[in-house]
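In terms of full-length UniProt numbering, the sequence shown opens at residue 1 and continues consecutively.
Only one structure is covered here, and it is reproduced in the block below.
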Amino acid sequence: KELQKQLEEEKVEIAKKLEKIESDKNEVVLKQEELKDAQKEFIVKEEFHKNKMDELQGLESQKSGLISSLSGKEKEIEDKIGDLVSYNRELQQALDDIFNQINNGNNGGNNSGGNNSGGGNSGENNSGGDVTPGDPSSESFLRPGNGIVTDPYGPRINPVTGESGFHTGVDLGDPYGSPVAASKSGVVAYSGWISGYGETVIIDHGNGVQT
């Protein structure tokens, strides 16, 4: 009887251990399933991050391409601005040369040309003889056109270069074909085409004043 009792107790103990092993086995299977799910989730996230990295690298390549393109266009614009600045200087020099020729002619007493004595009227009275320009201080200057002032005389920011400078004229905006009158009586010292300015009439008012 004592042996039978001992065997029964051992049988119960073995049953408990078997139950514990089965429970542990089920827990291991559950952990394996959780691990598989975690691995699947990791693969999905890894693929997502890989796609994001590829997208970011593509954007970086586009950015580099745009920067290169902008750098090229910036250089092209700088070159064009440089050309415009040089051209503007050439035009200014051409006008200075014309004014110098006018002043030199006045000093030599050899002025001749059409006398616009209209005091600001648009017509010209060409006398065909030598005419001495009037004193510019003896009468006021008149407005040669009805348009608004688009660029006044004096210091300004150059619209082409963006640099500060000095505008040596007054620009008026008038419709095409509008009449332009002489702002004061004087001698037509130059009439013709100046590249960059178009048809140009320079009137000498005497004492080094031209319009």
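Beta carbons are placed, not taken as given, at the ideal position from N, Cα and C, and that holds for glycine.
Boundaries of the beta strand (DSSP E) harbouring E199: 198-206, taken from the DSSP string. No Cβ-Cβ contact shorter than 8 Å links P152 with A181. In this chain, the beta strand (DSSP E) harbouring V149 covers 148-151. In the same chain as A189, and ignoring 5 residues on each side of it, the C-beta atoms closer than 7 Å to its own belong to I102, G113, I202, I203, D204, Q210, in chain order.
DSSP links S191 through a beta bridge to V201.
Membership of L172 in the beta strand (DSSP E) is indicated by the continuous run 171-173. Contact annotation: the region 75-86 touches the region 148-166, with at least three C-beta pairs closer than 8 Å. Look at G65 here: in three-state DSSP terms it is helix.
In terms of Cα proximity to K184, the closest of L142, L172, P155 is L142.
F166: member of the beta strand (DSSP E) spanning 164-167, first to last residue.
When the Cα atoms are used, S191 and N100 turn out to be separated by approximately 15 Å. In this structure, G169 lies away from R156, with their beta-carbon atoms at least 8 Å apart. G65 counts as exposed, since fewer than 16 other beta carbons sit within 10 angstroms of its beta carbon. Note on geometry: alpha-carbon atoms of E41 and L7 lie some 50 Å from one another.
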